[in-house]
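So the protein lines, in turn, are chains P and E.
Just so we're aligned: 102 in our numbering is position 102 of the first sequence, and the numbers increase by one with no gaps anywhere.
Just remember that our numbering sits 1000 ahead of the position in the second sequence, which is counted from 1.
Every residue gets a Cβ at the ideal spot worked out from N, C-alpha and C, and that includes glycine.
Protein chains: 2
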Amino acid sequence: MAVPSSVSVTPTASPLFLRENEVRRGVELLFFGYTRLTRAIDEGLAEHGLGRAHHRALYFIARQPDLPISTLLKILAITKQSLGRVLTDLGDRGLVETRTGNVDRRQKLLRLTPEGVQFEAQLFDALRNSLASAYAAAGQESVTGFWRVLEGLIPAEDKAMVVALQRDI
Amino acid sequence: MAVPSSVSVTPTASPLFLRENEVRRGVELLFFGYTRLTRAIDEGLAEHGLGRAHHRALYFIARQPDLPISTLLKILAITKQSLGRVLTDLGDRGLVETRTGNVDRRQKLLRLTPEGVQFEAQLFDALRNSLASAYAAAGQESVTGFWRVLEGLIPAEDKAMVVALQRDI
DNA sequence: GAAGATGGGACAGCCATATTGACGTATCTT
DNA sequence: AAGATACGTCAATATGGCTGTCCCATCTTC
């Protein structure tokens, strides 16, 4: 309480008491930032009777058409059963379709239907509005720092997965 | 697919197709970064039979001792009933205690017990390890950018709340 | 001092999303 | 032919949200 209210950049190595504040600030901003960003799409999802779990699947299928289910399972890090329910819902609504893999016929490759593409794009618009305005307010240099810190939060064993997602950008 | 795999900083205003990639990159890094950070404390919570909802309450009570319940409700943005369950669990385990407010006797002010302080500190250690190493890898300039972008994601009406949290740093 | 607003607690029931464990089938690999 | 892998499915369970309703204590306002 009696500590000076400096929340500014610490140019050199921080003493421990400042380091804690920097960490708490990151924890809080991540919490609020993440929850507010996801909230931006809830309304659009609710119109179709879907939840955030459906959006996560929709998002990554949009990102990598012909994604095998096993890959999506690794990305989302949930169980087959949980994903199964989500994919059933998306299939029932005509947003996602599967086809048998041609190199491995055991695989089912996921992709969006035209309706799915349109719906995902609509949801993405909301995300873009939020993130693009945050990017613009912060400036491009800040965006680079934003990415760098977040990359540092991803454990080494998961990094390949994220890189693969962004490989074809 | 045929687009060059540049994920580097775009120095000036981005053409639209790059803007989308920048946004998708942010969405993905936020998703993976946030989920991996929260995963860092699951084990410690499970030892007490608690979940993430309990940690969120614990965290903000640690952050602002003598927090009234109404304020915590605004921070977490959940219903009174949902929070009530969480606080009951924390109280039963002797981690959180309440006392009647002295300016407004209707209020119950929340604070951690000594055991609660110790437990929260233990969980915070896991968060610190993750975030501090990400900070160190990215560098202080990146940390500033990280904060700036996340601040831009918080709607104006919620900003005062976050600032209040960080006021006494 | 009475009326209304506010802070908090509690009951009942519901929903979304995740979990574990077990088992079955088709297909690929060796 | 044997084993591993990809996917589907059944049953049961846990967590963490939600709505609606009602209650009590206390503060504020007229």
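Reduced DSSP category for P:Ala13 - H, G, I as helix; E, B as strand; rest coil: The pLDDT assigned to P:Ala13 is 49, lower than 50, so where the model puts this residue is not dependable; a value taken from the coordinates is nonetheless given after this. Coil, per DSSP.
Any idea what DSSP makes of E:Pro1068, helix, strand or coil? strand
Please list the terminal residues of the continuous beta strand (DSSP E) segment that includes P:Thr98. Val96 to Thr100
Could you work out which residue in E:Ala1134, E:Ala1053, E:Gln1064 and E:Trp1147 is closest to E:Ile1078 when comparing CA atoms only? E:Ala1053
According to DSSP, is P:Arg111 part of a helix, a strand, or is it coil? strand
Anticipated Cβ contact below 8 Å, E:Arg1025 with P:Gln166, distance rounded: 6 Å
Look up P:Ala77 in the DSSP assignment and say whether it is helix, strand or coil. coil
Within the 9 Å Cβ cut-off, does E:Thr1144 reach chain P? yes
Give every residue of the same chain whose Cβ lies closer than 7 Å to the Cβ of P:Val162, excluding the five residues on either side of it in the sequence, and list them in chain order. Ile154
Quick one: any contact between the region 1142–1157 of chain E and the region 127–142 of chain P, if contact means 3 or more CB pairs under 8 Å? yes
Report the rounded CA-to-CA distance for P:Leu67 versus E:Ile1061, giving the unit in angstroms. 43 Å
Which residue from E:Asn1021, E:Arg1019, E:Val1023 and E:Thr1035 puts its Cα closest to that of P:Asp158? E:Thr1035
P:Leu72 touches chain E at which residues, Cβ-Cβ below 8 Å? Ordered by position in chain E, no residue passes the 8 Å Cβ test against P:Leu72, which lies about 13 Å from the chain.
Could you give the DSSP three-state label for E:Ser1005: helix, strand or coil? With a pLDDT of 44 at E:Ser1005, under the threshold of 50, the modelled position of that residue is not reliable, and no figure is offered here.
Report the three-state DSSP secondary structure of E:Arg1039 (helix, strand or coil). helix
Can you check whether the C-beta of P:Phe119 is within less than 9 Å of a C-beta belonging to chain E? no
At what residues does the alpha helix (DSSP H) containing P:Ala48 begin and finish? Just to set this straight, residue 48 of chain P is His in the shown sequence, not Ala. No alpha helix (DSSP H) holds P:His48; DSSP gives it neither H nor E.
CB contact below 9 Å: P:Ile154 versus chain E: yes
Have a look at E:Asp1092 and E:Ile1041 and give me their C-alpha separation to the nearest angstrom. 21 Å
Does E:Gly1139 get closer than 9 Å to chain P when you measure Cβ to Cβ? yes
Of the residues E:Asp1104, E:Arg1063, E:Pro1065 and E:Lys1108, which one's Cα is nearest the Cα of E:Gly1084? E:Lys1108
Three-state secondary structure assigned by DSSP to P:Gly26: helix
State the Cα-Cα distance for the pair P:Glu115 and P:Ala126, rounded to the nearest angstrom. 17 Å
Which bits of chain P does E:Asp1158 rub up against, with CB to CB less than 8 Å? Phe32 and Arg36
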